[in-house]
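Numbering (this note's numbering), first residue to last: 537 to 936.
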């Protein structure tokens, strides 16, 4: 990279695509922070931070519209959580009754669960706080999908994990293609003057959308194979089995560790240990299989100052809230369902650091916020000499 290119990569005013790993690191940090608190103020702030950054920095590509789908899914999940808490709740759910539903008698072996009965404010608010955690995590995942193209993530993945990369790109590109095809089918039905009825929704809309989105994702993987992506050198069977075993065990360790960090159901020491063990195994698989694939990188994505700032902001948000939860600093958990949400300056400041990508990340080329590329001054043209004749066109007089 020349000095001029490095300077333009460090300048956030220069329009370019940010490294997708930076966006995923930022979104993962916000998701980990959301899993460590049930304070509604902090959860709403995390959702607003993710939404503001997506609004300012996403591109006009069809896959960038998937964020709206994830927001709707998050709202549906929140509503289902509240509904199940109201209908299928334990008998110890509070004293402040909001509404009383018809009580359905259950067998004696169903202990501690009721179907219907009184719905209290304590149970309702507790379900809102618990469902809000999962909803904000889904919103953060949707923000990462809207800001970082799945194909660019696949291009950055190590060549030794070719089979895993193809499976991941099919899965990650399925949701954006789903949104694009749903808009297309809905627009076609509107042009034909047909209404979407609930009883015919699965046959007329859902099936064509699901089939088309899956076909496009599979076609993407087939096109990559046809163009020689992941061309392999011949390796002995023992080495291939070793690479597969290390990759699977490493991915399993990373998944268990990240699940423990997100759900807080596993001790943090065990979760971090699983993440480190998985990272070591994946690194070993990459080292063993680095000579497996013949690969040429065309126009690699730079990692400059904006990438460090974006990824670092997500790490800071996650680190501060995880540290506050381990040290018992107030403001993360609700003392009771009916209590006023406590506010502590340290978690609030950490969440606001997540807004740094709105300033530090460059705009995507072609969007409204991107500055036009500077025009290279060309040679000045010399004006042509004036002719001695008059430039006025002669008029013809018509004689009657």
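In this text, a Cβ means the ideal position worked out from N, Cα and C, and glycines have one as well. Since the structure is predicted, the reported quantities are computational estimates derived from the model, not experimental observations.
How many angstroms separate the CA atom of residue 758 from the CA atom of residue 859?
C-alpha of residue 758 to C-alpha of residue 859: approximately 45 angstroms in a straight line.
Where the beta strand (DSSP E) through residue 635 begins and ends:
Counting along the chain, the unbroken beta strand (DSSP E) around residue 635 starts and ends at 633–640.
Compare the C-alpha of residue 940 against each of 684, 631, 681 and name the closest.
What the structure shows of the chain is the stretch from 537 to 936, and residue 940 is not part of that stretch, so it cannot be assessed.
Residue interval of the alpha helix (DSSP H) (run including residue 685):
Per DSSP, residue 685 belongs to no alpha helix (DSSP H) and is neither H nor E.
Assuming residue 854 contacts residue 565 (C-beta within less than 8 angstroms), just tell me the rounded distance between them.
Between residue 565 and residue 854 the Cβ distance is about 4 angstroms, and since that is below 8 angstroms, they are a contact.
Can you tell me which residues form a DSSP beta bridge with residue 653?
Beta-bridge pairing by DSSP links residue 653 to 637.
Please go through the same chain and pick out, in chain order, the residues whose beta-carbon is closer than 6 angstroms to the beta-carbon of residue 556, but skip the five residues on each side of it.
Here the set comprises 684, 688, 689.
Grab me the residues of residue 932's own chain with a C-beta within less than 6 angstroms of its C-beta, minus the 5 sequence neighbours each way, in chain order.
Caution applies to residue 932, whose pLDDT of 40 falls short of 50 and renders its modelled position unreliable; the value that the coordinates give is listed next. Excluding positions up to five away in sequence, the list is empty.
Note the first and the last residue of the continuous alpha helix (DSSP H) segment covering residue 877.
That residue, residue 877, is in no alpha helix (DSSP H); it is neither H nor E in DSSP.
Specify the secondary structure class of residue 806 as computed by DSSP and reduced to three states.
Correct three-state label for residue 806: helix.
Same chain, Cβ closer than 6 angstroms to residue 583, neighbours up to 5 away in sequence not counted:
Short of 6 angstroms from the beta carbon of residue 583, and not among the five residues preceding or following it, lie these beta carbons of its own chain, in chain order: 672, 675.
By Cβ distance below 6 angstroms, which residues in the same chain neighbour residue 662 in space, the five residues on each side in sequence not counted?
Closer than 6 angstroms at Cβ, skipping near neighbours: 873.
Suppose you measure from the CA of residue 807 to the CA of residue 724; what does that come to, to the nearest Å?
C-alpha of residue 807 to C-alpha of residue 724: approximately 49 angstroms in a straight line.
Could you name the residues of the same chain whose beta carbon sits closer than 7 angstroms to that of residue 560, not counting the 5 residues immediately before and after it, in chain order?
Closer than 7 angstroms at Cβ, skipping near neighbours: 680, 684.
What does the Cβ neighbour count give for residue 620, buried or exposed, with the cut at 16 atoms within 10 Å?
With fewer than 16 other Cβ atoms within 10 Å, it is exposed.
For the segment 783–795 against the segment 808–816, are there 3 or more C-beta pairs whose distance is under 8 angstroms?
Counting C-beta pairs with one atom in each stretch, the segment 783–795 and the segment 808–816 have three or more that are closer than 8 angstroms, which means they touch.
How should residue 912 be labelled, buried or exposed, when 16 other C-beta atoms within 10 angstroms of its C-beta is the threshold for buried?
The predicted position of residue 912 is uncertain, since its pLDDT is 43 and thus under 50; a value taken from the coordinates is nonetheless stated next. By the 10 Å Cβ count, residue 912 comes out exposed.
Which one of 643, 664, 669, 634 has the shortest CA to CA distance from residue 653?
The shortest Cα separation from residue 653 among 643, 664, 669, 634 belongs to 634.
May I have the straight-line CA-CA distance separating residue 578 from residue 562, to the nearest angstrom?
Their backbone Cα atoms lie some 17 angstroms apart in a straight line.
Are the beta-carbon atoms belonging to residue 651 and residue 623 less than 8 angstroms from one another?
The answer is yes: Cβ separation under 8 angstroms.
For residue 862 and residue 973, believed in contact at Cβ under 8 angstroms, the rounded distance
Examination of residue 973 is not possible in this model, given that the chain is present from 537 through 936 alone.
Here's the rule I'm using: 16 or more other beta-carbon atoms within 10 Å means buried, otherwise exposed. How should residue 819 be labelled?
Exposed is the label assigned to residue 819, since fewer than 16 other Cβ atoms lie within 10 Å of its Cβ.
Helix, strand or coil for residue 746, going by three-state DSSP, please let me know.
Under the three-state reduction of DSSP output, residue 746 falls in the helix class.
If you run the structure through DSSP and keep just helix, strand and coil, what is residue 624?
Reduced to three states, the DSSP call for residue 624 is strand.
Give the DSSP-derived three-state secondary structure of residue 755 in the structure shown.
In this structure, residue 755 counts as helix in the three-state DSSP scheme.
Top-ranked residue by Cα proximity to residue 877, from 824, 550, 576, 552
Measuring from the Cα of residue 877, the nearest candidate turns out to be 576.
Run of the alpha helix (DSSP H) containing residue 583, from where it starts to where it stops
Start and end: 576–593.
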